[in-house]
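In my numbering, the protein residues as written are 15 to 468.
Ideal placement from N, C-alpha and C gives every residue a C-beta, glycine not left out.
Okay, structure first, notes after.
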Ligand code: GDP
Ligand code: IMO
Ligand code: MG
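Okay, structure coming up:
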């Protein structure tokens, strides 16, 4: 069977940890969208792993697949695999031949366009990994796929077509020199010389193709996964990002350029939707909100009298971007956002994380609904501009003090402080979805597993 793990909010809900928790019963973990904009953390004993591309099942030695819906930066992929090998793991990663490749010019253009958008406040605060420009090329039918890296002639002719266009875009549209020096716009200082040089790109990416072939990493993802499922194996789909930064269902344009929502688990891997639909969809919820990008955030803790509390949550929850290190914005839980997520994804279960972070903070609030034009509404408006006009209708909850979370984790759900259980059950009731797991700390042992989806 299949289980799909989906971020219910704005990313960083603790998806990596949940993949790891249920990973014991899994044979293959597949990513279906996104790229190295993701940062998924697995904490096991004293060890912490931060993964951008290698699926989180690697920590338990499970096969990882990057599906056709992903965008893959081979440089990140290989350096992540090498770093894991140095730590004594043996990640077995397969990459869909249909997945698109992130090239250096995508990263440069990501930076250039974000900078250009800054004045009109349309920048999404991207991770600078070239995600948007790579998906643009996929949809524009000018992208380079993993399969092309294995076919030097195809790689060369595609680069010859596309690179002059990218250079013209940088120079003629954005007025940024694309020959010589560093890009200025690129967040990681990719040299523009190399980013727009056909011969050096060809040499570098052909070599990546050789390594992919040598390590037998490429695969027809749909065929491979379907075969495993038919052999009664368990496949977990590891969503990256979250529902409210989905390109279709999120707070456009402050979104990522893919579909983290559950429907894409089928399209982004090549497993049929009826097969995926017979499985489970677990929504990963952070007990409050954190946001690493730009755009409105109705329940954000930003007023003068709320800043101290936001700082406390940020420090206690380690709310600094996994990929970029940026401090995350903090807000109260937003129920209209979660109702929207439950509808779009069809959750069959919830994993609610970070209830330990809210302990000892005194009384808590939740954005139960919004007030918009004098009316109370319970779900998100479709435009982000209208969403920005929403005032949260807050509901108060009694706080809980800090128990020994290790004891709670070993004793089970009933050991969770009563007020925290009231908070959890409110979320579950509002979404009409059972609680499968509760995170009481970052580690594998710090999770109360109520039910396994397998
Ligand atoms: P992901 O992108 O959804 O996989 O989440 P990230 O790894 O970016 O961010 C989640 C962070 O919270 C990581 O540092 C996790 O180790 C940590 N974490 C996950 N669950 C919990 C929890 O229940 N409590 C606490 N305190 N930390 C958690
Ligand atoms: P995980 O998988 C949180 C945000 C960026 C930005 C927007 C677009 O760790 O939950 P992009 O680089 O994707 O074009 O940036 O999306 N973003 C994330 N926020 N968690 C993530 O991934 C994110 N991946 C992208 O901050 O606002
Ligand atoms: Mg993350």
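Item: Could you have a look at residue 379 and say whether DSSP puts it in helix, strand or coil?; Value: strand
Item: Could you check the C-alpha separation between residue 437 and residue 377 for me, to the nearest Å?; Value: 11 Å
Item: When DSSP builds the beta bridges, which residues end up paired with residue 462?; Value: 452
Item: Among 231, 272, 31, which one has its Cα closest to the Cα of residue 92?; Value: 231
Item: Consider the C-beta atom of residue 383 and the heavy atoms of the ligand GDP; say whether any pair is separated by less than 7 Å.; Value: no
Item: For residue 182, count neighbouring Cβ atoms within 10 angstroms of its own Cβ and tell me buried if that reaches 16, exposed if not.; Value: exposed
Item: Say whether the region 254-272 touches the region 20-36, bearing in mind that this needs 3 or more beta-carbon pairs closer than 8 Å, one atom from each stretch.; Value: yes
Item: Report the rounded CA-to-CA distance for residue 77 versus residue 281, giving the unit in angstroms.; Value: 20 Å
Item: Starting from the N-terminal end, write out each residue whose C-beta falls within a distance shorter than 5 Å of any non-hydrogen atom of the ligand MG.; Value: 26, 53, 336
Item: For residue 190 and residue 126, I'd like the C-alpha separation in whole angstroms.; Value: 8 Å
Item: On the criterion of 16 or more Cβ atoms from any shown chain inside 10 Å, does residue 363 qualify as buried, or is it exposed?; Value: buried
Item: Taking only beta-carbon atoms, is residue 289 less than 8 Å away from chain C?; Value: The structure shown contains no chain C; it holds only a single protein chain.
Item: Taking C-beta to C-beta, are residue 137 and residue 308 nearer than 8 Å?; Value: yes
Item: Please confirm whether any heavy atom of the ligand IMO lies closer than 7 Å to the CB of residue 29.; Value: yes
Item: Would you call the region 448-462 in contact with the region 367-377, where contact means no fewer than 3 C-beta pairs closer than 8 Å?; Value: yes
Item: Going by the C-beta, is residue 87 closer than 7 Å to any heavy atom of the ligand GDP?; Value: no
Item: Out of 433, 273, 296, point me to the one whose CA is closest to residue 466's CA.; Value: 296
Item: Does the ligand IMO have a heavy atom nearer than 7 Å to the CB of residue 242?; Value: no
Item: Answer with buried or exposed for residue 153, where buried requires no fewer than 16 other C-beta atoms within 10 angstroms of its C-beta.; Value: exposed
Item: With 16 as the cutoff for other CB atoms within 10 Å, does residue 227 come out buried or exposed?; Value: exposed
Item: Measuring only the C-alpha atoms, how far is residue 220 from residue 88?; Value: 11 Å
Item: For a test of your reading of the model: does the CB of residue 308 fall under 7 Å from any non-hydrogen atom of the ligand IMO? Yes or no.; Value: yes
Item: Which residue's Cα is closest to the Cα of residue 464: 439, 444, 445, 103?; Value: 439
Item: Check each candidate in 150, 423, 337 and name the one with the smallest Cα separation from residue 139.; Value: 337
Item: To which residues does DSSP link residue 344 through a beta bridge?; Value: 304
Item: In three-state terms, what does DSSP make of residue 26?; Value: coil
Item: Quick one: which unbroken beta strand (DSSP E) runs of 3-plus residues sit fully inside the region 126-162? Chain order, please.; Value: none
Item: Applying the 10 Å Cβ sphere with the 16-neighbour rule, what's the burial state of residue 198?; Value: At residue 198 the pLDDT is 44, less than 50, meaning the model places this residue with poor confidence and gives no usable figure here.
Item: Which complete alpha helix (DSSP H) runs does the region 246-331 hold, if anything under 4 residues is left out?; Value: 278-281, 287-291, 321-330
Item: Does the region 376-396 come close enough to the region 344-356 that 3 or more CB-CB pairs lie under 8 Å?; Value: yes
Item: What separation, rounded to the nearest whole angstrom, lies between the Cα atoms of residue 217 and residue 429?; Value: 59 Å
Item: Entirely within the region 354-433 and at least 4 residues each: give me those alpha helix (DSSP H) ranges in chain order.; Value: 398-402, 419-425
Item: Among the residues of its own chain, which have a CB less than 8 Å from the CB of residue 169, if the five just before and after it don't count?; Value: 158, 162, 163, 216, 219, 220, 223
Item: For residue 41, does the three-state DSSP call read helix, strand or coil?; Value: coil
Item: Considering only the alpha carbon of each residue, which of 396, 267, 145 lies closest to residue 135?; Value: 267
Item: Can you confirm whether the region 29-44 touches the region 53-73 when touching is taken to mean that 3 or more C-beta pairs between the two stretches lie within less than 8 Å?; Value: yes
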